[in-house]
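See below:
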């Protein structure tokens, strides 16, 4: 009788462990980008870059990533700034972080090289060295800043709005 009880407990423990392992494996595959995760997926969970950095996107010759709403993503973006030629930051009153900022980068010839919406307070942009104008619009209020991109991690521009 005691042997049967022990066998049932062992069997129950094995089944529970197997179910836990299957569930964890599925969650890992989803988080690592093994299933899903495309270049248009802007969530960290669909990101194959690792380290909490949001998915890198492409528009023509320009690569960019944006985000920073969560602590891990924010930390990853700040750490990556030195590897990107242009770093943008968007804040509201009291230095509150903003998202959904419309960003347009125009080259010296007046051609738009990037037209995107920031998914958080940070946007990192990889573009060729040169002079550009950054137009950032939040709640129909546009700010414009000239920037001169010379190399990785050297150009930063901060935009602040008084409206939330």
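Numbering (my numbering), first residue to last: 304 to 467. Heads up, the beta-carbon is just placed ideally off N, CA and C, and yes, glycines get one too.
Subject >> Residue closest to residue 431, alpha-carbon to alpha-carbon, out of 467, 387, 383, 382 >> reply: Closest option to residue 431, Cα to Cα, is 387.
Original post:
Helix, strand or coil for residue 381 per DSSP?
Top reply: The three-state reading of DSSP puts residue 381 in helix, counting H, G and I together.
Subject >> Separation of residue 438 from residue 461, as counted between CA atoms >> reply: Using only the alpha carbons, I get a separation of about 12 Å.
Original post:
What first and last residue would you give for the beta strand (DSSP E) that runs through residue 438?
Top reply: Where residue 438 is concerned, the enclosing beta strand (DSSP E) stretches over 433-441.
Subject >> Inter-residue CB distance, residue 411 and residue 433 (contact presumed, cutoff 8 Å) >> reply: Confirmed, Cβ separation roughly 6 Å.
Original post:
What is the DSSP secondary structure of residue 421, counted as helix, strand or coil?
Top reply: In the three-state DSSP reduction, residue 421 falls in the coil class, being neither helix nor strand.
**OP:** Return the residue from the list 419, 440, 405, 385 that minimises the CA-CA distance to residue 363.
**Re:** Comparing alpha-carbon positions, the option among 419, 440, 405, 385 lying closest to residue 363 turns out to be 419.
Original post:
Apart from the five residues just before and just after residue 376, which ones in its own chain have a Cβ nearer than 8 Å to its Cβ?
Top reply: Sequence-distant Cβ neighbours of residue 376 in its own chain, meaning closer than 8 Å and more than five residues away, are 347, 355, 356, 357, 370, 423.
**OP:** Please determine, among 443, 444, 421, 452, the residue with the shortest C-alpha to C-alpha distance to residue 436.
**Re:** If you compare the alpha carbons of 443, 444, 421, 452 with that of residue 436, the shortest gap goes to 452.
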